[in-house]
Each structure stands twice: as C-alpha cells, then as structure tokens.
Amino acid sequence: MKTQILQLVEQSTKEINPHTFDIEDGVETKQLSQLLVLERTAASRYLNALVKEGKLVKINSRPVYFFHRQTLEKMFNLPLETNEFRSFFDLEVALGLVEDLKVNVFEELIGWDRSLIQQVEQCKAAISYPPKGLPFLLAGESGVGKSYLAKLVHHYAIIQGILKPDAPFVTLNCAEFANNPELVTANLFGYTKGAFTGAERDKKGVIEKANGGILFLDEAHRLTPEGQEKLFLFMDQGIYHRLGDNEEWKEASVRLIFATTELPGKAFLTTFTRRIPIIVELPSLKDRTDYEKYQMITSFYQSESKEIKREIVLHSNVLDFLMDTSRAGNIGALKNAVRYSCAKAYSETLETDKKLRLEISLKHFPADDMHKYMIDKAENEDHSQFIDHLIPINTNGQLYPDPYTFKYKSDLEKLYEQLLNKYSEFASRQEHHQLYIDRVSLYVNDYIDKLVFYSDLQEKRIEFSVIHQFVKQFILLKNDNNFSAGVLSSLSGNTIIAFTHFIFYSSNQRVTIKEENGVLEFIQFLDRTCQKEWLIINELMDGLTQTFNLHFSVMDKCILVLFINGLKNQQVEESIQCLVVAHGFSTASSISNVANRLLGKHIFKSFDMPLQVDTLEIICRLNDYLDAVDTSRGVIIFVDMGSLVDVQKKLNCLNSSTVAVVNNITTQIAIDAGEKMLKGLSINQIVEEITLTHKPQYRIFHPRLEKRPKAIITTCVTGIGTAVKIKELLEKSVDGKHIQVVAYDFLCLKNNQEKESVFQDFDVICIVGTANPEIENVSFLPLEKIISGHEEEELMYLLKPHVEETSIQKINNNLIKHFSLQSVLNHLTILNPNQLMEHLSDALELLQNLIGRRFSNATRISMYVHLSCLIERLVTQRPIDSYPNLEIFNQQQEEFIQVVRQAFESIEKTYSITIPLAEIGYIYDMVKIKVQ
1 MKTQILQLVE
11 QSTKEINPHT
21 FDIEDGVETK
31 QLSQLLVLER
41 TAASRYLNAL
51 VKEGKLVKIN
61 SRPVYFFHRQ
71 TLEKMFNLPL
81 ETNEFRSFFD
91 LEVALGLVED
101 LKVNVFEELI
111 GWDRSLIQQV
121 EQCKAAISYP
131 PKGLPFLLAG
141 ESGVGKSYLA
151 KLVHHYAIIQ
161 GILKPDAPFV
171 TLNCAEFANN
181 PELVTANLFG
191 YTKGAFTGAE
201 RDKKGVIEKA
211 NGGILFLDEA
221 HRLTPEGQEK
231 LFLFMDQGIY
241 HRLGDNEEWK
251 EASVRLIFAT
261 TELPGKAFLT
271 TFTRRIPIIV
281 ELPSLKDRTD
291 YEKYQMITSF
301 YQSESKEIKR
311 EIVLHSNVLD
321 FLMDTSRAGN
331 IGALKNAVRY
341 SCAKAYSETL
351 ETDKKLRLEI
361 SLKHFPADDM
371 HKYMIDKAEN
381 EDHSQFIDHL
391 IPINTNGQLY
401 PDPYTFKYKS
411 DLEKLYEQLL
421 NKYSEFASRQ
431 EHHQLYIDRV
441 SLYVNDYIDK
451 LVFYSDLQEK
461 RIEFSVIHQF
471 VKQFILLKND
481 NNFSAGVLSS
491 LSGNTIIAFT
501 HFIFYSSNQR
511 VTIKEENGVL
521 EFIQFLDRTC
531 QKEWLIINEL
541 MDGLTQTFNL
551 HFSVMDKCIL
561 VLFINGLKNQ
571 QVEESIQCLV
581 VAHGFSTASS
591 ISNVANRLLG
601 KHIFKSFDMP
611 LQVDTLEIIC
621 RLNDYLDAVD
631 TSRGVIIFVD
641 MGSLVDVQKK
651 LNCLNSSTVA
661 VVNNITTQIA
671 IDAGEKMLKG
681 LSINQIVEEI
691 TLTHKPQYRI
701 FHPRLEKRPK
711 AIITTCVTGI
721 GTAVKIKELL
731 EKSVDGKHIQ
741 VVAYDFLCLK
751 NNQEKESVFQ
761 DFDVICIVGT
771 ANPEIENVSF
781 LPLEKIISGH
791 EEEELMYLLK
801 PHVEETSIQK
811 INNNLIKHFS
821 LQSVLNHLTI
831 LNPNQLMEHL
841 SDALELLQNL
851 IGRRFSNATR
861 ISMYVHLSCL
871 IERLVTQRPI
881 DSYPNLEIFN
891 QQQEEFIQVV
901 RQAFESIEKT
911 YSITIPLAEI
921 GYIYDMVKIK
931 VQ
C-alpha cells in the first residue's frame with residue numbers, strides 16, 4: 001500500500017506546471033483516502049512514514065499537502081534541505097521561486113544554535129501559542145541580553161505572521177515607579193482627566209499603546225506586591241480600567257514579556273509566577289562557550305569597523321584578554337571594552353594618517369583591567385590558547401580564518417595519539433577488550449562534545465544539512481535491518497547531530513599518523529572486536545565518499561566505531577522505557593542528551609514536537625517505537641504541556657504494560673528519574689519520589705489483569721546487573737514465546753512485596769535468584785540449586801501448565817547445558833572463570849576456617865556466583881557503594897569485616913582491587929542467609 005501511495009503522489013507531482021505551481025497541486029490525505037478506499041488515519045500514517053524516509057515533502061498548512069520530493073528537485077533543479085515546511089511560501093523560498101523574507105531572525109543572536117538553543121525554542125513556543133501567546137519571564141544577570149532577545153522575539157513574531165507588520169513593541173522599566181503603586185497603575189492602564197492632581201487630560205497607558213503587539217516589562221522584580229496584583233485581572237482576562245474610571249472596561253490583546261535580574265521564586269508573589277508558565281533563564285557571559293565569546297568579540301569589532309569605516313586588526317592576546325571570564329558586567333561590559341579599545345586606537349591615528357588601519361593591542365585597554373589580567377595570568381602560569389598572530393577584520397565585516405582552526409587540528413592529532421597510546425598499554429596488559437573500549441570512548445565523546453560547541457558551521461550550513469540528512473537516512477534504513485538495528489539504535493536526535501559534526505569536520509582535515517605507531521594493529525583489533533560497527537561505518541564512509549566526494553582517514557573510521565560502540569554500551573538492558581516528548585524542534589533531544597551524558601547511560605529516548613506537528617503524528621511515532629522495543633518493565637513518558645498530557649490514551653502498549661505520564665519535564669527531573677531507574681526502582685517508586693522533590697503532575701495506568709503475560713522474575717541481592725545476566729541465561733533455556741523473563745531489583749521485591757508493579761504487569765510463575773525476597777504465594781528457586789541440579793524438577797513442575805508438553809524436555813536439556821557452574825560464571829563475568837574459581841576456592845576455604853563454619857555445596861555455589869560478580873564490578877570500577885545502615889554495620893560487625901579482609905587479601909592483590917565496606921555488607925548478608 002505504501003508503494004502505491006508513493007506512486008500516486010509521484011504521478012500527481014509530475015503533472016505540475018512549474019509556471020503555475022501552487023499549493024493545491026499537492027495531494028491531501030482526504031483526497032488520497034477516498035481514492036484508495038482507505039481509512040484517513042491509515043493514509044496519514046503511510047504519508048508521514050514516506051516523509052520520514054525522505055521520499056515526500058510535507059506542507060504543514062491546513063489541510064496538509066504532500067509532494068514527491070525527487071520530482072520537485074528535478075523540476076526546479078535545486079536540492080531541498082528538509083522534508084517538511086511550515087507553509088507553501090517556505091517551500092517556494094527553498095525552491096528559489098521567491099526571495100526568502102522569513103529569515104531566521106534569531107541567527108542574529110550569538111549562541112542561538114548552541115548554548116541558547118533551548119531558550120530560543122522557549123521564546124518561540126511562548127510567543128506563538130494561540131490565541132495570544134503565553135506570558136514569559138526572561139531571567140538573568142544584568143547585561144546578558146534580555147532586552148535584545150525581547151526585541152528579536154518581536155521581530156520573529158512579525159516575520160512569522162503571528163503579529164501584524166506594524167505591531168508595536170512597548171517597553172516599561174518598572175524600576176522608575178518601584179515605590180509608587182499609583183504611578184504604576186497610571187502608566188500601565190492610563191488615566192482619565194482629574195484622576196489625580198495634575199491629570200489635566202486623558203492619557204493612554206502602555207497596555208493600550210501595546211495593543212496588538214508586545215509589552216516588555218523590564219526590571220519586573222521592582223514591582224511591589226500591590227503592583228503585581230494590579231496586573232492579575234489583565235493577565236487572566238485581557239480587560240482593565242483606566243485610573244479614575246471604574247465603570248468602562250477596556251480590552252487589549254497584548255503579549256507580555258517580563259525581565260528580571262533576581263531569582264523568580266524570591267522576587268515575585270507565588271500568585272504572580274503562577275500566571276507565567278515559561279521562565280527563560282539566560283546564562284551569564286562566563287557560562288557561554290569559548291566560541292560564542294569569540295563570536296561576540298569579533299562581531300563587536302566588525303560593528304565598530306563599519307561605523308568608523310576603518311579596517312581593524314586584533315593581536316591574538318587581545319582575544320585572550322577579552323575572553324577572560326573574571327570580568328563583571330557580562331555582554332554589555334564586553335561591548336564597552338571593545339568600544340573603549342577602538343576609541344583609544346582611533347585617537348592615536350588622528351595626528352598621523354586617518355586612513356591607517358587600527359591595530360588593537362593590550363595597551364588600548366584600561367590600565368586597571370590590564371594589571372589584574374597580567375597578575376591572574378602570572379599566578380596561574382596560564383598562556384594564551386591562541387597561536388600568536390594578527391586577526392584582520394575589514395569594513396565588510398569579513399572575519400579571516402579564526403584561531404580555533406589551529407586548535408581543532410592539534411586536538412584531533414592528540415585524540416589519535418591517545419587512542420593509539422591507550423591501545424598499546426591495553427595490549428601489553430592483556431586486559432579484556434571491552435575495558436579498553438569503555439575507557440577510550442570517554443576521550444572520543446569529550447572531543448566530539450567540544451567539536452559540537454566550538455565548530456563554526458554558519459557559512460557551511462547547507463553542506464552540513466545535506467550530510468546530516470544523508471546520515472539520518474542511512475541510520476533509519478539500517479535500523480530497519482536486523483543485522484545492524486542493535487548497533488545504531490542508540491543514535492538519534494542530538495547524537496546524530498554530534499555524529500555528523502565529526503564527519504563534516506574530519507573530512508576537511510589532513511591529519512596524518514605514521515604507520516609505525518601501531519595503527520595497523522589497532523585497526524585489526526577494532527575489526528576483530530567490533531565487527532558489526534566496523535562494517536557499518538565502512539559502508540557509511542563509502543557512501544559519503546561516493547555521494548559528496550568526502551575523504552576520511554582510517555583513524556576517523558576508528559573514532560566513529562568507538563563512538564557508536566560507546567553509546568551502545570551505555571544502553572540499559574531490561575529497563576523501564578523512558579521517553580521525553582516536548583514541544584519545539586530540539587527541546588526533548590536537548591533534555592535527553594544532557595541527562596544521558598550525565599548519567600553515563602542511554603536511558604532517555606527523545607521525541608521532538610515542532611509546533612506545527614500534529615499530536616497524532618507524534619503518537620504514531622511513539623507507537624512505532626514502543627512496538628519495536630521491550631516494554632515488559634513498563635513505560636514512563638515525560639511531557640512538557642498541553643495535548644501531550646493525555647498521550648497514553650492512544651498507546652498500543654497500554655493493554656500489556658504499566659504506563660506512567662509525567663507532566664512539566666525539566667532536565668533536573670530527567671536526571672533524578674534516571675538515577676532512580678538505575679538503582680532498580682519501580683515505576684511507582686520513581687514517579688512518587690520525583691513528585692516529592694519537583695512537584696510534577698503524573699498518572700499511572702496498569703494493564704488489564706486478563707491480558708497479563710506469564711513471567712519468571714530473576715533477582716540478585718547486589719542489584720539489577722547480575723539479575724539481568726541470570727535472565728539472559730534463563731532466556732536461552734525457556735520458551736520465550738509463552739513465558740517472559742524479567743530482571744528485577746531484590747530490595748524492591750523484598751520491601752514492597754506484591755505491591756511492586758511487576759506483579760500487576762505479569763502473572764509471575766516463580767522467582768529465580770541468589771536470595772529469597774520471601775513473597776507470599778510466589779515460589780522461589782535458589783540459583784545455586786538450579787546449578788547443582790536440585791531444583792530442576794521443581795522448575796519443570798512450575799512451567800508445565802504454561803508450555804507445550806514437547807517443550808518440557810528441551811527446556812530441561814537447556815538448563816543442564818546453560819546452568820553448569822562453569823557456564824554461569826563464564827556468562828556473568830568478563831574475567832577468566834577458571835582462574836577466578838581457583839582464587840575464590842582458596843578464599844572461601846580460608847573464610848570458613850576463620851568463622852568456624854562449613855558451607856554446604858549449594859551455599860558455595862551461591863558464593864561463587866556472588867563473588868565473581870563482585871570482583872568484576874571492582875575491576876571495571878563499578879562498585880556498590882551503598883548498603884542499608886552502613887555505619888551501624890561497621891560498628892556492630894567489626895570482627896566479621898576484619899575476617900573478610902583477611903580471607904580475601906590474596907584476591908585483592910591479584911586483581912589490584914579493594915573490597916569496599918558496602919560490598920562486605922552484602923557478603924555478610926549472603927553468609928547469614930545461607931547459614932540460616
């Protein structure tokens with residue numbers, strides 16, 4: 001059906017007359033559904049899928065229209081950078097049919113696509129929200145650009161047709177009337193003749209003057225509580241009285257923007273901030289990226305160059321001085337410093353040649369500032385990060401090659417060297433390959449992070465967008481392929497952008513590495529240990545070379561292999577599915593990316609929802625994703641506002657999984673929720689605990705009882721990690737079609753019993769693990785007894801009602817095969833199991849002698865499993881550092897702690913580890929439980 005739809009749209013597009021090209025030449029969903037006798041929702045789903053694949057172009061008008069992309073590109077001989085357009089006018093601009101009047105006004109704002117990307121999206125969302133926008137507050141220190149941003153928002157609203165071309169922008173500085181509430185009222189709402197002494201005629205207030213436009217209330221924190229209250233009625237209903245006239249109600253349609261240098265929670269009444277749904281926090285100059293500060297400085301000098309019609313040349317140490325973040329006053333003070341230096345240099349040329357270029361050096365800045373700067377540099381033994389050279393800026397505003405170009409190249413060379421040096425160390429130590437990959441992935445991620453923030457793609461935006469689109473399509477196609485789906489599934493949203501940044505940058509570099517540095521051995525190592533990743537990256541690079549004539553070094557391929565391998569290893573298996581859905585082009589991606597990076601795991605999947613995208617389309621995307629992943633542990637959907645709050649009503653997984661919807665998502669909420677998920681908390685616990693801290697609204701929906709799938713729970717007293725590995729072994733043995741295996745946190749089961757969501761989501765057959773959580777009416781099978789063969793009959797008895805008779809013997813054979821002690825240890829740890837068992841056998845023998853008790857065979861097996869996982873955790877630097885009542889345990893079990901340290905002294909030396917107190921606590925629990 002999808003192919004038939006594509007052919008119909010292609011034929012319709014081919015029939016277009018280029019000279020009379022109009023929006024109605026496109027295909028509507030309704031028209032297509034009638035032609036094919038197809039449900040309208042189904043037609044919409046197919047059309048949107050073809051848009052996502054890059055085969056159709058979508059115009060988000062009302063109604064929505066579709067065109068065949070390749071046919072349009074051939075017809076007008078121009079490639080399109082995107083598949084979706086807000087209006088037909090935007091498509092005409094992209095095809096070169098009309099001049100682009102709707103420029104991106106925010107491009108004037110330095111950092112709009114980097115550190116201020118979320119702030120820009122917030123402003124767009126607030127000003128465009130129907131019917132008359134949402135009031136919003138710009139918060140930040142003095143001089144960070146609040147007034148400038150407010151004016152850009154006004155310009156944006158006019159360009160986008162949200163406001164009329166003559167819409168007013170009115171500013172009122174609240175500080176002028178801070179201590180006179182009556183004067184505030186008079187200036188806000190106007191007054192009538194005779195309203196107070198001196199009121200000789202009727203006068204309009206700023207609200208009336210701003211009707212149809214924007215009212216910018218600067219220094220809004222200077223409004224007294226009474227002054228804030230006077231705005232309530234107008235903010236709620238859009239009506240007001242003039243001062244002196246309590247009978248006639250006036251109306252005004254005004255979009256309100258507030259600005260403050262204070263903390264909103266302290267400066268305003270709660271009833272006032274409740275009426276401002278969006279707070280846009282602007283960072284101070286010291287929190288901006290180095291490249292943004294660099295752009296500001298050169299931009300200010302470009303403006304001065306145009307103003308005085310003289311070429312300006314900067315010494316590189318001037319950049320270092322101006323980028324020093326210890327100065328106060330933010331962007332405003334920076335601009336003043338630039339003007340001061342130009343004025344001083346200009347005055348020196350008045351008596352010589354007025355046509356001379358201005359050469360700005362450190363002597364052109366105030367002596368006090370220079371003195372402090374030189375002292376700071378001397379104390380810190382700091383040197384300029386720029387290679388010493390002159391940077392010319394001419395009157396056309398052209399900036400010659402910037403110093404960051406040199407910095408990048410040296411950084412890329414350093415990264416190559418780091419990877420090769422670390423590989424050499426790894427090869428000499430004969431460590432497990434995954435330890436090396438995990439370690440160097442941090443270097444790769446750090447480099448690509450810097451590249452994204454510092455690289456300047458302003459002049460090459462079209463080339464970057466084309467490559468980004470190619471990479472996106474490649475990943476989309478590969479994720480549909482069974483061979484490569486698991487490899488690239490972690491690449492989405494901002495990670496694809498980061499991926500593209502490296503491809504775009506590295507293809508323009510010519511960094512060479514000598515082969516004698518171990519390059520060949522390194523390549524062979526990655527080809528051997530990351531076979532899938534290597535094949536996929538090779539295919540991608542070949543495609544980029546053939547399509548765009550880009551060229552890459554073999555080390556570039558190695559870096560991308562490590563990048564996607566690092567992301568893949570950060571994914572949390574058998575976890576709750578956590579999705580972030582938010583309005584704006586990249587709000588969800590930004591929140592997810594920050595949270596995932598800080599947590600060190602790929603927990604959150606983002607779904608960005610540009611304002612023109614219909615909620616139904618997002619729900620289709622959510623369903624497609626949830627249908628493709630494991631939702632057995634449940635789903636948490638974090639949303640920002642509006643129609644997304646009821647998103648669960650149309651989710652396919654609601655019948656079989658617990659679904660929680662959490663409103664008012666922020667980055668902090670995402671990070672807190674992710675930390676709790678990594679600790680193994682259930683959906684109920686996660687949402688209840690984040691609600692106590694952050695106060696979001698949430699709802700939880702459980703599946704209907706009659707549709708609950710059968711399941712076996714695996715658990716381990718030391719956490720979810722070992723439980724997941726036991727689960728993987730059981731899955732190899734049990735018929736997965738009829739019975740699911742779910743890994744679950746031991747303490748959650750122990751403390752919450754049947755209240756845990758897993759018992760609402762599944763019909764639990766039994767629990768398999770290293771310790772019994774003692775849940776009434778649920779059978780527990782100790783892992784060590786399955787390994788020793790003592791519980792095989794019990795497990796077969798429990799499974800018999802749920803699987804076919806012919807499968808029972810097969811399951812039994814699989815258990816014997818997969819649950820030998822050697823197989824279990826081999827699966828649970830990356831360490832050599834033979835050596836490990838030998839060391840553990842000696843340590844356990846000594847431990848039994850020291851405590852004066854002998855362990856049964858089953859207990860010894862259990863201890864082997866537990867201690868193997870413990871040693872691996874310590875070797876890979878992932879220790880358990882929390883234990884209930886740790887201080888009390890330390891005081892009361894001092895003798896046992898010393899005994900364990902003595903028994904495991906040899907193991908600590910062999911593996912270069914130290915067993916922390918919390919881990920000893922869990923060893924105590926194991927011994928206590930097994931002996932009892």
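Just so we're aligned: the sequence shown equals residues 1 to 932 in the UniProt record's numbering. Ideal Cβ positions, reconstructed from N, Cα and C, are used throughout, including at glycine.
Cα-Cα separation between Leu80 and Ser87, rounded to whole angstroms | For the purposes of this step, residue 80 is identified with residue 80 of the sequence shown, where counting begins at 1. For the purposes of this step, residue 87 is identified with residue 87 of the sequence shown, where counting begins at 1. Cα to Cα, Leu80 sits roughly 15 Å from Ser87.
N- and C-terminal bounds of the alpha helix (DSSP H) containing Gly769 | Stepping through the sequence shown from its first residue, residue 769 is reached at position 769. Taken as a continuous stretch (DSSP letters only), Gly769 belongs to no alpha helix (DSSP H), being part of the beta strand (DSSP E) at 763–769.
List the DSSP bridge partners of Asp218.
-> One-based indexing of the sequence shown puts residue 218 at position 218. In the DSSP output, where bridge partners are listed per residue, Asp218 has Asn173.
Using the DSSP secondary-structure output, state which residues sit across from Tyr65 in a beta bridge.
-> Position 65 of the sequence shown holds residue 65. DSSP, once it has assigned bridges, lists Glu28, Ile59 as partnering Tyr65.
With distances taken between CB atoms, is the gap from Glu200 to Lys193 smaller than 8 Å?
-> Taking the first residue of the sequence shown as 1, we reach residue 200 at position 200. Taking the first residue of the sequence shown as 1, we reach residue 193 at position 193. Contact flag set, yes.
Mind checking who Asp608 pairs with in its DSSP beta bridge?
-> The residue labelled residue 608 in the question sits at position 608 within the sequence shown. Per DSSP, Ala582.
Same chain, Cβ closer than 6 Å to Ala94, neighbours up to 5 away in sequence not counted | As a position in the sequence shown, residue 94 is number 94, starting the count at 1. Leu80, listed in sequence order.
Jot down the residue ranges of each uninterrupted alpha helix (DSSP H) in the UniProt domain "PRD" (831–932), minimum 4 residues, whole runs only, in chain order.
-> 833–851, 857–875, 886–892, 894–903, 905–911, 917–931
Going by CA-CA distance only, name the one from Leu215, Asp202, Leu163 that's closest to Asn173.
-> Here the question's residue 173 lines up with position 173 in the sequence shown. Minimum Cα distance to Asn173 is reached at Leu215.
Any idea if Lys270 is buried or exposed, counting beta-carbon neighbours within 10 angstroms, 16 or more meaning buried?
-> Along the sequence shown, one-based indexing puts residue 270 at 270. Note that residue 270 corresponds to Thr in the displayed sequence, not to Lys. Result: exposed.
Three-state class that DSSP yields for Pro782 in the structure shown | Within the sequence shown, numbered from 1, the residue matching residue 782 stands at position 782. Under the three-state reduction of DSSP, Pro782 is assigned to strand.
Once you ignore the five residues that flank Thr71 on each side, which residues in its own chain have a CB closer than 7 Å to its CB?
-> Counting from one through the sequence shown, the residue named residue 71 turns up at place 71. Only Glu10, Thr13, Lys14 meet the Cβ criterion.
Helix, strand or coil at Pro168 [DSSP, three-state] = By one-based count along the sequence shown, residue 168 stands at place 168. Coil at Pro168, not helix or strand.
Give every residue of the same chain whose Cβ lies closer than 8 Å to the Cβ of Arg40, excluding the five residues on either side of it in the sequence, and list them in chain order.
-> Translated into the one-based positions of the sequence shown, residue 40 becomes position 40. Same-chain partners within the cutoff: Thr29, Lys30, Ser33.
DSSP-derived helix/strand/coil call for Ala259 | Position 259 of the sequence shown, counted from the first residue, corresponds to residue 259. Note: Ala259 maps to strand in three-state DSSP.
Whole angstroms is fine: what's the gap from Lys209's alpha carbon to Ser590's?
-> By one-based count along the sequence shown, residue 209 stands at place 209. By one-based count along the sequence shown, residue 590 stands at place 590. Rounded to whole angstroms, Lys209 to Ser590 spans 38 Å at the Cα level.
Give the DSSP-derived three-state secondary structure of Arg699 in the structure shown.
-> Position 699 of the sequence shown holds residue 699. Residue state, collapsed to three classes: strand.
For Tyr191, name the three-state secondary structure that DSSP assigns.
-> Working through the sequence shown from its first residue, we reach residue 191 at position 191. Note: Tyr191 maps to strand in three-state DSSP.
In DSSP terms, what Pro392 is bridged to = Position 392 of the sequence shown holds residue 392. For Pro392, which the question treats as bridged, DSSP gives the partners Val313.
Hey, could you find the ends of the alpha helix (DSSP H) Gln122 is sitting in?
-> Stepping through the sequence shown from its first residue, residue 122 is reached at position 122. Taken as a continuous stretch (DSSP letters only), the alpha helix (DSSP H) holding Gln122 covers 117–128.
Is the CB of Phe66 under 8 Å away from at least one CB in chain C?
-> Absent here is chain C; the protein component of the structure consists of one chain.
Option nearest Ile910 by Cα separation, candidates Pro916, Val144, Leu840 = As a first step, residue 910 is located in the sequence shown; it is residue number 910 there, counting from the start. One detail in the question is off: residue 910 reads as Thr in this sequence, not Ile. If we check each option's Cα against that of Thr910, Leu840 comes out closest.
CB contact flag (Ala167, Gly213, <8 Å) = On the sequence shown, residue 167 is found 167 positions in, with the first residue counted as 1. On the sequence shown, residue 213 is found 213 positions in, with the first residue counted as 1. Against a cut-off of 8 Å, the Cβ pair of Gly213 and Ala167 comes out as a contact.
Return the chain-ordered list of same chain residues with a C-beta closer than 7 Å to the C-beta of Asn211, the five sequence neighbours on each side being excluded.
-> For the purposes of this step, residue 211 is taken as the residue at position 211 of the sequence shown. Closer than 7 Å at the Cβ level, and outside the excluded window around Asn211, lie Ala252, Ser253, Val254.
Given a cut-off of 8 Å, decide if Lys55 and Leu8 are closer than it, judged by their beta-carbon atoms.
-> Against the sequence shown, residue 8 aligns to sequence position 8. Against the sequence shown, residue 55 aligns to sequence position 55. Contact: no.
If we count the other Cβ atoms within 10 Å of its Cβ and call it buried at 16 or more, is Thr3 buried or exposed?
-> Here the question's residue 3 lines up with position 3 in the sequence shown. So Thr3 ends up on the exposed side.
Integer-rounded CB distance, given that Glu304 should sit under 8 Å from Ile110 | Position 110 of the sequence shown, counted from the start, is the residue given in the question as residue 110. Position 304 of the sequence shown, counted from the start, is the residue given in the question as residue 304. Actually they do not touch by this definition, with Cβ atoms about 16 Å apart.
Could you tell me the distance, in whole angstroms, from the CA atom of His602 to the CA atom of Ala186?
-> Residue 602 sits at position 602 when you count from the first residue of the sequence shown. Residue 186 sits at position 186 when you count from the first residue of the sequence shown. Cα atoms of His602 and Ala186: separation of roughly 55 Å, rounded to the nearest angstrom.
Can you name, in chain order, every residue of its own chain whose Cβ lies under 8 Å from the Cβ of Leu470, other than the five neighbours on each side?
-> As a working note, residue 470 is residue 470 in the sequence shown. For clarity, residue 470 is Phe in the given sequence; the question names Leu instead. Only Gly543, Leu544, Thr547, Phe548 meet the Cβ criterion.
Phe386 - DSSP class collapsed to helix/strand/coil | For the purposes of this step, residue 386 is taken as the residue at position 386 of the sequence shown. Its pLDDT being 45, under 50, Phe386 is placed unreliably by the model, and nothing is read from it.
Going by other Cβ atoms of all chains shown within 10 Å of its Cβ, with 16 needed for buried, is Leu263 buried or exposed?
-> On the sequence shown, position 263 is the one that residue 263 refers to. By the neighbour-count rule (16 or more Cβ atoms within 10 Å), Leu263 is not buried but exposed.
Can Val280 and Leu137 be called in contact, C-beta distance under 8 Å?
-> Position 280 of the sequence shown, counted from the start, is the residue given in the question as residue 280. Position 137 of the sequence shown, counted from the start, is the residue given in the question as residue 137. Closer than 8 Å, so yes.
Using DSSP bridges, identify the partner residues of Gln4.
-> Position 4 of the sequence shown, counted from the first residue, corresponds to residue 4. Paired residues: none, contrary to the question.
By Cβ distance, which residues of its chain are closer than 7 Å to Leu356, with the 5 residues on each side in sequence left out?
-> The residue given as residue 356 occupies position 356 in the sequence shown. The residues are Thr349.
C-beta atoms of Val635 and Ser606 nearer than 8 Å = Here residue 635 corresponds to residue number 635 of the sequence shown, with the count starting at 1. Here residue 606 corresponds to residue number 606 of the sequence shown, with the count starting at 1. Taking 8 Å as the Cβ cut-off, Val635 and Ser606 do not qualify as a contacting pair.
Take every Cβ of the segment 859–879, pair it with every Cβ of the segment 911–922, and state whether three or more of those distances are shorter than 8 Å.
-> yes
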